[in-house]
Amino acid sequence: MNNSYYNPADLKKFGNITDFQQAMGEKFFAWYGEVFKDGELTAREKSLIALAVSHAVQCPYCIDAYSSDAFEKGWSEGQMMEAVHVAASIRGGASLVHGVQMMNKVKEIAM
Amino acid sequence: MIKSLQAQHNILADARVQQGILMRGRSGEFNLVPFQQKLLESRLFPLAPLALEIMQVNVGKMCNQVCKHCHVDAGPDRKEIMTRTTMLQCLQALENNPGLQIVDLTGGAPELNPDFRWFVDEIKKLKRHVIVRCNLTIIVANKKYNDLPAFYKSHNIEVVSSLPFYTQDRTDRQRGSGVFRDSIKALQMLNETGYGIEGTGLILNLVYNPAGAFLPPSQDALTREYKMALKSTFNIFFNNLYAITNLPISRFLDYLLQSGNYEQYMEKLANAFNPAAAANVMCRNTISVGWDGFLYDCDFNQMLELKVDHSLNHISQFNDESLQKRNIVIGQHCFGCTAGAGSSCGGVVT
Numbered sequence: 001m002n003n004s005y006y007n008p009a010d011l012k013k014f015g016n017i018t019d020f021q022q023a024m025g026e027k028f029f030a031w032y033g034e035v036f037k038d039g040e041l042t043a044r045e046k047s048l049i050a051l052a053v054s055h056a057v058q059c060p061y062c063i064d065a066y067s068s069d070a071f072e073k074g075w076s077e078g079q080m081m082e083a084v085h086v087a088a089s090i091r092g093g094a095s096l097v098h099g100v101q102m103m104n105k106v107k108e109i110a111m
Numbered sequence: 001m002i003k004s005l006q007a008q009h010n011i012l013a014d015a016r017v018q019q020g021i022l023m024r025g026r027s028g029e030f031n032l033v034p035f036q037q038k039l040l041e042s043r044l045f046p047l048a049p050l051a052l053e054i055m056q057v058n059v060g061k062m063c064n065q066v067c068k069h070c071h072v073d074a075g076p077d078r079k080e081i082m083t084r085t086t087m088l089q090c091l092q093a094l095e096n097n098p099g100l101q102i103v104d105l106t107g108g109a110p111e112l113n114p115d116f117r118w119f120v121d122e123i124k125k126l127k128r129h130v131i132v133r134c135n136l137t138i139i140v141a142n143k144k145y146n147d148l149p150a151f152y153k154s155h156n157i158e159v160v161s162s163l164p165f166y167t168q169d170r171t172d173r174q175r176g177s178g179v180f181r182d183s184i185k186a187l188q189m190l191n192e193t194g195y196g197i198e199g200t201g202l203i204l205n206l207v208y209n210p211a212g213a214f215l216p217p218s219q220d221a222l223t224r225e226y227k228m229a230l231k232s233t234f235n236i237f238f239n240n241l242y243a244i245t246n247l248p249i250s251r252f253l254d255y256l257l258q259s260g261n262y263e264q265y266m267e268k269l270a271n272a273f274n275p276a277a278a279a280n281v282m283c284r285n286t287i288s289v290g291w292d293g294f295l296y297d298c299d300f301n302q303m304l305e306l307k308v309d310h311s312l313n314h315i316s317q318f319n320d321e322s323l324q325k326r327n328i329v330i331g332q333h334c335f336g337c338t339a340g341a342g343s344s345c346g347g348v349v350t
């Protein structure tokens, strides 16, 4: 093992996950490839969504891959940062909306 | 204004230095799979020419722009200009070789050659299709160039123009401050003349180049985006979009080295090697003529000073039949034309 859990070089080895479970790995990559093709949404639009989700799930491999991919597909730095803010605001909002639960509980038990 | 590598006395102005870096990287220890090996594996080595159809003529390195990715290292400080004598030799070669049906004029800004219009007149007398690689801003650079759209129209020239993106930010980053604004003005003038407008038969094609160390995205997807964005924002129309990969030569090579992207960019190109693209590379049906009349397999080899592998290597000695027997000169830079969907002066090749 390396001294770090994350190694940038591992991103290129993503395909190797089929070594330990070929059938499931191949199905995943076929599905993954299909998902990112032009469809009801363009491949370009999907790239920006993937960038935002990468930040929401805080996956360094995904951030590496989709920062390049989104820029290559023509999104500007400002647009990409706005997408990250969308992800961050949903994450922040997801915590804050649970404040209602906290309030409900406090109201339930408070005099 | 930024100076050319040559005016800066940058070591990359020496083609031999560039060739050395392409072989082994700046450290001398970079080992990339040889392009020759990839061709061998694809049964394409030695790379043989097909029938010549296109004569691409670089009429000079002078340009009114200094683009960061320019493989020619063109700019206002470059004085290399094709003479009328060399142009006459090109015309003679065209006359003697009817197979060469297309003449593709490039530079620099080809319009800056004082004999440009005369040369176009003479080529058209030989009934050849002429393409001019116009950088757009030359049209608005000076009053004396404002009539270029009318000149192109009167000679039914196909115009191919670089517009690296449909936003100001990316275009100006690559081509210089104010270039996007002037390019839009020039495109509107071309549209007013009929270029890019359906039914006129006047062809206006645009060129996309990545503004950084990455490959172009899908040409079809880019075309849709460009058409939509240019129409809705500026009411501009064009025919086709060519997505062209930046080759690691001259100023783009300098950018790759300065930004620390050289090795990963070369690996990206090599990993994306596509045998189908390799079979269709433009050097197979094109001959490239330098400003001084020497012959090359392509404009990229020209800038690396890799002349055709043939004893008759000057336009004054042009012999189509004999040139057909040569092998095309290749190098590591060729990975730029064979990556992904491939790249040529006419966009993707697959």
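Residue numbers (our numbering), protein chains in the order written: chain B, 1 to 111; chain L, 1 to 350.
Glycine included, C-beta positions come from ideal geometry on N, C-alpha and C.
It should be emphasised that the depicted structure is a prediction, and the values quoted were computed from it without experimental measurement.
inquiry  = 8 Å is my cut-off, CB to CB: does F165 (chain L) come that close to chain B?
reply    = To locate residue 165 (chain L), count along the second sequence from 1; it is residue 165. It does: the Cβ of F165 (chain L) has a partner Cβ on chain B nearer than 8 Å.
key: Beta carbon of I287 (chain L) nearer than 8 Å to that of T86 (chain L)   = Along the second sequence, one-based indexing puts residue 287 (chain L) at 287. Along the second sequence, one-based indexing puts residue 86 (chain L) at 86. Their beta carbons are not under 8 Å apart, which means I287 (chain L) does not touch T86 (chain L) by this criterion.
message = Could you compute how far the alpha carbon of A93 (chain L) sits from the alpha carbon of M55 (chain L)?
response = Position 93 of the second sequence, counted from the start, is the residue given in the question as residue 93 (chain L). Position 55 of the second sequence, counted from the start, is the residue given in the question as residue 55 (chain L). Roughly 10 Å between the two C-alpha positions.
inquiry  = When you compare the CB positions of E305 (chain L) and A15 (chain L), do they come within less than 8 Å of one another, or not?
reply    = The residue given as residue 305 (chain L) occupies position 305 in the second sequence. The residue given as residue 15 (chain L) occupies position 15 in the second sequence. Contact: yes.
Beta-bridge pairing of L22 (chain L) - partner residues as DSSP gives them = In the second sequence, counting from the first residue as 1, residue 22 (chain L) sits at position 22. Residue pairing by DSSP leaves L22 (chain L) without any beta bridge partner.
message = In whole angstroms, give me the CA-to-CA distance for F294 (chain L) and D104 (chain L).
response = By one-based count along the second sequence, residue 294 (chain L) stands at place 294. By one-based count along the second sequence, residue 104 (chain L) stands at place 104. Inter-residue distance for F294 (chain L) and D104 (chain L) is about 16 Å (C-alpha atoms, whole angstroms).
key: C-beta contact flag for V57 (chain L) and C90 (chain L) at 8 Å   = Start at 1 with the first residue of the second sequence, and residue 57 (chain L) comes out as number 57. Start at 1 with the first residue of the second sequence, and residue 90 (chain L) comes out as number 90. Going by C-beta atoms, V57 (chain L) is nearer than 8 Å to C90 (chain L).
request  = Pull up the distance between the alpha-carbon of F29 (chain B) and that of G25 (chain L), whole angstroms please.
outcome  = Walking along the first sequence from the start, residue 29 (chain B) turns up at place 29. Walking along the second sequence from the start, residue 25 (chain L) turns up at place 25. Straight-line measurement puts the Cα of G25 (chain L) at about 34 Å from the Cα of F29 (chain B).
ask   = Which residue spans inside the region 58-104 of chain B form an unbroken alpha helix (DSSP H) run of at least 4?
value = Entirely contained in the region 58-104 of chain B, the alpha helix (DSSP H) runs reaching 4 residues are, in chain order, 60-72, 77-97.
inquiry  = For H9 (chain L), count the other beta carbons within 10 Å of its own beta carbon; 16 or more makes it buried, fewer makes it exposed. Which is it?
reply    = Sequence index remark: in the second sequence, residue 9 (chain L) carries index 9 (1-based). By the Cβ-count criterion, H9 (chain L) is exposed, with fewer than 16 other Cβ atoms from all chains shown falling within 10 Å of its own Cβ.
request  = For Y152 (chain L), collect the residues of the same chain with a Cβ closer than 6 Å to its Cβ; drop the 5 residues on either side in sequence, then sort them by chain order.
outcome  = Counted from its first residue, the second sequence places residue 152 (chain L) at position 152. Taken in chain order, the residues that qualify are V159.
ask   = Out of L:F252, L:T233, L:E225, which has the shortest C-alpha to C-alpha gap to L241 (chain L)?
value = Numbered from its first residue, the second sequence carries residue 241 (chain L) at position 241. Checked all of L:F252, L:T233, L:E225; the closest Cα to L241 (chain L) is L:E225.
ask   = DSSP on L206 (chain L), reduced to helix/strand/coil?
value = Indexing the second sequence from 1 puts residue 206 (chain L) at position 206. In the structure shown, L206 (chain L) sits in a strand (DSSP, three-state: E or B).
inquiry  = Check this for me: beta carbons of R251 (chain L) and C70 (chain L), under 8 Å apart or not?
reply    = Position 251 of the second sequence, counted from the first residue, corresponds to residue 251 (chain L). Position 70 of the second sequence, counted from the first residue, corresponds to residue 70 (chain L). Judged by beta-carbon spacing, C70 (chain L) lies within the 8 Å limit of R251 (chain L), meaning their Cβ atoms are closer than that value.
query = Which whole-angstrom value describes the C-beta separation of N33 (chain L) and F116 (chain L), a residue pair presumed to lie in contact below a C-beta threshold of 8 Å?
reply = Position 33 of the second sequence, counted from the start, is the residue given in the question as residue 33 (chain L). Position 116 of the second sequence, counted from the start, is the residue given in the question as residue 116 (chain L). Checking the sequence, you will find Val at residue 33 (chain L) rather than Asn. About 42 Å separates the CB atoms of V33 (chain L) and F116 (chain L); that is not less than 8 Å, and the two are not in contact.
N58 (chain L) - DSSP class collapsed to helix/strand/coil = For the purposes of this step, residue 58 (chain L) is taken as the residue at position 58 of the second sequence. When secondary structure is reduced to three states using DSSP, N58 (chain L) falls in the strand class.
message = Contact criterion: CB-CB distance below 8 Å. Does A221 (chain L) meet it with respect to chain B?
response = The residue you call residue 221 (chain L) lines up with position 221 of the second sequence. Taking 8 Å as the threshold, the shortest C-beta distance from A221 (chain L) to chain B falls below it.
query = Based on the DSSP output, what are the partners of S161 (chain L) in its beta bridges?
reply = If you number the second sequence from 1, residue 161 (chain L) lands on position 161. Within the DSSP secondary-structure output, S161 (chain L) pairs in a beta bridge with L:C134, L:L206.
message = Measuring straight from C-alpha to C-alpha, what distance separates Q101 (chain L) and P210 (chain L)?
response = In the second sequence, residue 101 (chain L) corresponds to position 101, counting from 1. In the second sequence, residue 210 (chain L) corresponds to position 210, counting from 1. Cα to Cα, Q101 (chain L) sits roughly 30 Å from P210 (chain L).
inquiry  = With distance defined between alpha-carbon atoms, name the residue in L:P76, L:N319, L:N246, L:G199 nearest to P217 (chain L).
reply    = Indexing the second sequence from 1 puts residue 217 (chain L) at position 217. If we check each option's Cα against that of P217 (chain L), L:N246 comes out closest.
ask   = Does P248 (chain L) come within less than 8 Å of chain B when only Cβ atoms are used?
value = The sequence position of residue 248 (chain L) within the second sequence is 248, counting from 1. Residue-level contact check: P248 (chain L) does not touch chain B, since none of the beta carbons of chain B fall below 8 Å from its beta carbon.
ask   = What does a CB cutoff of less than 6 Å around Y166 (chain L) pick up in its chain, not counting 5 residues either side in sequence?
value = Counted from its first residue, the second sequence places residue 166 (chain L) at position 166. Cβ neighbours of Y166 (chain L) beyond the five flanking positions: Y226, A229, L230.
ask   = Are E41 (chain L) and N285 (chain L) closer than 8 Å when you measure CB to CB?
value = For the purposes of this step, residue 41 (chain L) is taken as residue 41 along the second sequence, with counting starting at 1. For the purposes of this step, residue 285 (chain L) is taken as residue 285 along the second sequence, with counting starting at 1. Not a contact, by the Cβ cut-off of 8 Å.
ask   = Between A272 (chain L) and L215 (chain L), which are expected to be in contact by the criterion C-beta below 8 Å, what is the C-beta distance as a whole number of angstroms?
value = Here residue 272 (chain L) is taken as the residue at index 272 of the second sequence, counted from 1. Here residue 215 (chain L) is taken as the residue at index 215 of the second sequence, counted from 1. With 8 Å as the limit, A272 (chain L) and L215 (chain L) qualify as a contact, their Cβ atoms being about 6 Å apart.
inquiry  = Just checking F300 (chain L) against the ligand ATP - is the residue's beta carbon closer than 7 Å to any of the ligand's heavy atoms?
reply    = Among the ligands in the structure shown, none appear at all, so the ligand ATP cannot be discussed.
query = Which chain C residues sit within Cβ distance under 8 Å of P210 (chain L)?
reply = The chain labelled as chain C is not found among the protein chains of the depicted structure, namely B and L.
request  = Within the region 308-342 of chain L, note down every full alpha helix (DSSP H) run reaching 4 residues or more, in order along the chain.
outcome  = 320-323, 335-338, all fully within the region 308-342 of chain L.
Rounded straight-line distance, which links the Cα of G92 (chain B) to that of G336 (chain L) = Along the second sequence, one-based indexing puts residue 336 (chain L) at 336. Along the first sequence, one-based indexing puts residue 92 (chain B) at 92. CA-CA distance, G336 (chain L) to G92 (chain B), rounds to 44 Å.
query = Does any residue of chain B bring its CB to less than 8 Å from the CB of P46 (chain L)?
reply = One-based indexing of the second sequence puts residue 46 (chain L) at position 46. Among the residues facing chain B, P46 (chain L) is not included, as its CB has no counterpart in that chain under 8 Å away.
request  = Identify the contact partners of D169 (chain L) in chain B, using a Cβ-Cβ distance below 7 Å as the criterion.
outcome  = For the purposes of this step, residue 169 (chain L) is taken as residue 169 along the second sequence, with counting starting at 1. What D169 (chain L) touches in chain B: S76.
message = Let's see if you can read the secondary structure: which residues bound the beta strand (DSSP E) around V33 (chain L)?
response = Taking the second sequence and counting its residues from 1, one reaches residue 33 (chain L) at position 33. Per DSSP, V33 (chain L) lies in no beta strand (DSSP E) and is assigned neither H nor E.
message = Please report the straight-line C-alpha distance between M189 (chain L) and S4 (chain L), rounded to a whole angstrom.
response = On the second sequence, residue 189 (chain L) is found 189 positions in, with the first residue counted as 1. On the second sequence, residue 4 (chain L) is found 4 positions in, with the first residue counted as 1. If you take the alpha carbons of M189 (chain L) and S4 (chain L), they lie about 29 Å apart.
ask   = Near K185 (chain L), which residues of its chain fall below 7 Å by C-beta distance, leaving aside the five closest residues on each side in sequence?
value = For the purposes of this step, residue 185 (chain L) is identified with residue 185 of the second sequence, where counting begins at 1. Cβ contact annotation for K185 (chain L) (same chain, cutoff 7 Å, sequence separation greater than five): V140, in chain order.
query = Considering only the beta carbon of each residue, do N135 (chain L) and S177 (chain L) sit closer than 8 Å?
reply = Here residue 135 (chain L) corresponds to residue number 135 of the second sequence, with the count starting at 1. Here residue 177 (chain L) corresponds to residue number 177 of the second sequence, with the count starting at 1. The criterion of a C-beta distance shorter than 8 Å is not satisfied by N135 (chain L) and S177 (chain L).
query = Which word fits G33 (chain B), buried or exposed, when buried means at least 16 other C-beta atoms lie within 10 angstroms of its C-beta?
reply = By one-based count along the first sequence, residue 33 (chain B) stands at place 33. By the 10 Å Cβ count, G33 (chain B) comes out exposed.
key: First and last residue of the uninterrupted alpha helix (DSSP H) at L241 (chain L)   = For this step, residue 241 (chain L) is matched to residue 241 along the second sequence. Where L241 (chain L) is concerned, there is no enclosing alpha helix (DSSP H), although the beta strand (DSSP E) it sits in stretches over 241-243.
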